[in-house]
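Number of protein chains: 2
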Amino acid sequence: MSVTDELLENNARYAESFSGPLPLPPARKLAVVACMDARLDVYRILGLAEGEAHVIRNAGGVVTDDEIRSLAISQRLLGTEEIILIHHTDCGMLTFTDDGFKASVQADTGIKPEWAAEAFADLDDDVRQSIARIRANPFVPRTDAVRGFVFDVATGRLNEVK
Amino acid sequence: MSVTDELLENNARYAESFSGPLPLPPARKLAVVACMDARLDVYRILGLAEGEAHVIRNAGGVVTDDEIRSLAISQRLLGTEEIILIHHTDCGMLTFTDDGFKASVQADTGIKPEWAAEAFADLDDDVRQSIARIRANPFVPRTDAVRGFVFDVATGRLNEVK
Numbered sequence: 001m002s003v004t005d006e007l008l009e010n011n012a013r014y015a016e017s018f019s020g021p022l023p024l025p026p027a028r029k030l031a032v033v034a035c036m037d038a039r040l041d042v043y044r045i046l047g048l049a050e051g052e053a054h055v056i057r058n059a060g061g062v063v064t065d066d067e068i069r070s071l072a073i074s075q076r077l078l079g080t081e082e083i084i085l086i087h088h089t090d091c092g093m094l095t096f097t098d099d100g101f102k103a104s105v106q107a108d109t110g111i112k113p114e115w116a117a118e119a120f121a122d123l124d125d126d127v128r129q130s131i132a133r134i135r136a137n138p139f140v141p142r143t144d145a146v147r148g149f150v151f152d153v154a155t156g157r158l159n160e161v162k
Numbered sequence: 001m002s003v004t005d006e007l008l009e010n011n012a013r014y015a016e017s018f019s020g021p022l023p024l025p026p027a028r029k030l031a032v033v034a035c036m037d038a039r040l041d042v043y044r045i046l047g048l049a050e051g052e053a054h055v056i057r058n059a060g061g062v063v064t065d066d067e068i069r070s071l072a073i074s075q076r077l078l079g080t081e082e083i084i085l086i087h088h089t090d091c092g093m094l095t096f097t098d099d100g101f102k103a104s105v106q107a108d109t110g111i112k113p114e115w116a117a118e119a120f121a122d123l124d125d126d127v128r129q130s131i132a133r134i135r136a137n138p139f140v141p142r143t144d145a146v147r148g149f150v151f152d153v154a155t156g157r158l159n160e161v162k
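In order, the protein sequences belong to chains U and C.
The first sequence begins at 1 in the UniProt record's numbering and counts up one residue at a time.
The second sequence begins at 1 in the UniProt record's numbering and counts up one residue at a time.
What follows is the structure, given as structure tokens:
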């Protein structure tokens with residue numbers, strides 16, 4: 001049995017005690033942008049209940065055009081106002097460089113990715129970079145309540161980046 | 001007090017009973033691509049524990065260059081092999097068009113987004129579109145175990161798209 005099939009059995013049990021539907025707009029008017037890392041259960045880390053916040057995730061928790069797209073839709077169409085960014089310790093993005101990653105992909109496939117891999121060397125600096133990208137972008141209307149954090153995978157704590 | 005400050009108090013409680021760190025590579029060798037919708041608590045829907053799967057999320061759960069970037073890093077550097085895609089009923093992406101969204105942003109800011117908003121008219125069709133984008137891309141090496149689902153926000157069930 002594949003992992004996917006096992007998880008579908010979990011979903012059948014989840015549905016047994018499920019009560020819905022909740023409204024579409026996030027109840028707490030919040031969007032979270034976090035790393036895809038498996039250890040980050042964003043709802044538990046922040047104590048979020050279903051229906052409270054948009055959760056956007058990718059490799060690194062970085063801000064590219066696709067996160068701007070999601071944040072623009074979140075704020076303009078669904079009324080969110082605050083943004084929380086979450087990077088974390090022991091992140092895979094600290095372990096390689098864009099040039100190295102793209103060269104390995106090119107060696108394997110013959111094609112060099114036309115996008116940046118978005119590797120970074122310093123967690124706090126990259127959180128600041130992500131905040132700066134949001135603030136500099138014309139399509140995200142509310143940027144007065146954007147705060148960035150590093151999640152410590154050893155302690156479970158969010159530490160704010162100033 | 002802002003919502004962010006309230007959630008930081010939740011995080012302090014989370015950290016009190018936290019035990020870590022877990023290993024970096026996802027234990028179940030799985031990556032999930034899901035919509036950012038607030039009602040989708042992906043870990044609970046699939047019965048995932050911390051450390052088991054990468055979770056990638058955006059408006060719609062669609063596949064753009066940034067999801068390809070995340071999936072390429074997930075598979076090439078961190079060993080994932082299966083992919084689960086999750087769209088859901090009552091999705092905001094069904095309620096507008098790319099042209100309409102971009103025109104409203106342009107009317108508000110004077111600038112037309114250079115990216116697609118990725119609105120769609122049919123859930124099953126867009127799940128198939130996302131699977132096709134992954135399969136057609138040279139940078140994601142393992143595409144033999146990609147399956148797509150629509151989460152029903154009324155029942156909590158994942159229904160597979162064939």
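For each residue, glycine too, the CB sits at the ideal point set by N, CA and C.
All figures in this text were calculated on a predicted structure; none of them were measured in a lab.
Are the region 23-30 of chain U and the region 93-113 of chain U touching by the rule of at least three beta carbon pairs closer than 8 Å? no
If I follow the unbroken alpha helix (DSSP H) through L46 of chain U, where does it start and stop? Start at 1 with the first residue of the first sequence, and residue 46 of chain U comes out as number 46. V42 to L46 is the span of the alpha helix (DSSP H), which, as asked, contains L46 of chain U.
Chain D contact for V33 of chain C (CB, 7 Å cutoff): This model lacks chain D altogether, as its protein chains are U and C.
Of the residues C:C35, C:T4 and C:T64, the one placed nearest V55 of chain C, counting alpha carbons only: As a working note, residue 55 of chain C is residue 55 in the second sequence. Among C:C35, C:T4 and C:T64, the Cα nearest to that of V55 of chain C belongs to C:C35.
Does S130 of chain U have its Cβ less than 7 Å from a Cβ in chain C? Position 130 of the first sequence, counted from the start, is the residue given in the question as residue 130 of chain U. No, its Cβ sits nowhere closer than 7 Å to a Cβ of chain C.
Measure the C-alpha to C-alpha separation of A154 of chain C and E9 of chain U and round it to an integer number of angstroms. Position 154 of the second sequence, counted from the start, is the residue given in the question as residue 154 of chain C. Position 9 of the first sequence, counted from the start, is the residue given in the question as residue 9 of chain U. Taking the Cα positions, A154 of chain C is about 18 Å away from E9 of chain U.
Measuring alpha carbon to alpha carbon, tell me which of C:A38, C:A72 and C:E114 ends up nearest N137 of chain U. What you label residue 137 of chain U is simply residue 137 of the first sequence in a count that begins at 1. The shortest C-alpha separation from N137 of chain U is found at C:E114.
Within 7 Å (strictly less), CB to CB, does V153 of chain C reach chain U? The residue given as residue 153 of chain C occupies position 153 in the second sequence. So, interface residue.
Taking the alpha helix (DSSP H) that E67 of chain U belongs to, which residues open and close that run? If you number the first sequence from 1, residue 67 of chain U lands on position 67. Element bounds for E67 of chain U: D65 to L78.
What first and last residue would you give for the beta strand (DSSP E) that runs through G100 of chain U? In the first sequence, residue 100 of chain U corresponds to position 100, counting from 1. Element bounds for G100 of chain U: not the beta strand (DSSP E) but the alpha helix (DSSP H), D98 to T109.
Quick one: measure Cβ to Cβ for G47 of chain U and Y14 of chain C, integer angstroms, because I've assumed they're closer than 8 Å. Counting from one through the first sequence, the residue named residue 47 of chain U turns up at place 47. Counting from one through the second sequence, the residue named residue 14 of chain C turns up at place 14. Right, the Cβ-Cβ distance comes to about 7 Å (below 8 Å), so this counts as a contact.
Can you give the Cα-Cα distance for R135 of chain C and T143 of chain C, rounded to whole angstroms? Translated into the one-based positions of the second sequence, residue 135 of chain C becomes position 135. Translated into the one-based positions of the second sequence, residue 143 of chain C becomes position 143. One C-alpha to the other measures close to 6 Å.
Would you kindly report the start and end of the unbroken alpha helix (DSSP H) that includes N137 of chain U? Within the first sequence, residue 137 of chain U is the residue found at index 137, counting from 1. Per DSSP, N137 of chain U belongs to no alpha helix (DSSP H) and is neither H nor E.
Compare the C-beta of T80 of chain C against all C-beta atoms of chain U and say whether one is closer than 7 Å. For the purposes of this step, residue 80 of chain C is taken as the residue at position 80 of the second sequence. With 7 Å as the cut-off, T80 of chain C does not count as an interface residue toward chain U.
How many Å lie between K162 of chain C and G148 of chain C at the Cα? Within the second sequence, the letter at position 162 stands for residue 162 of chain C. Within the second sequence, the letter at position 148 stands for residue 148 of chain C. Between the C-alpha atoms of K162 of chain C and G148 of chain C there is a straight-line separation of about 8 Å.
Measure the alpha-carbon distance for D125 of chain C versus E16 of chain C and round it to whole angstroms. Residue numbering aside, residue 125 of chain C sits at position 125 when the second sequence is read from its first letter. Residue numbering aside, residue 16 of chain C sits at position 16 when the second sequence is read from its first letter. One C-alpha to the other measures close to 44 Å.
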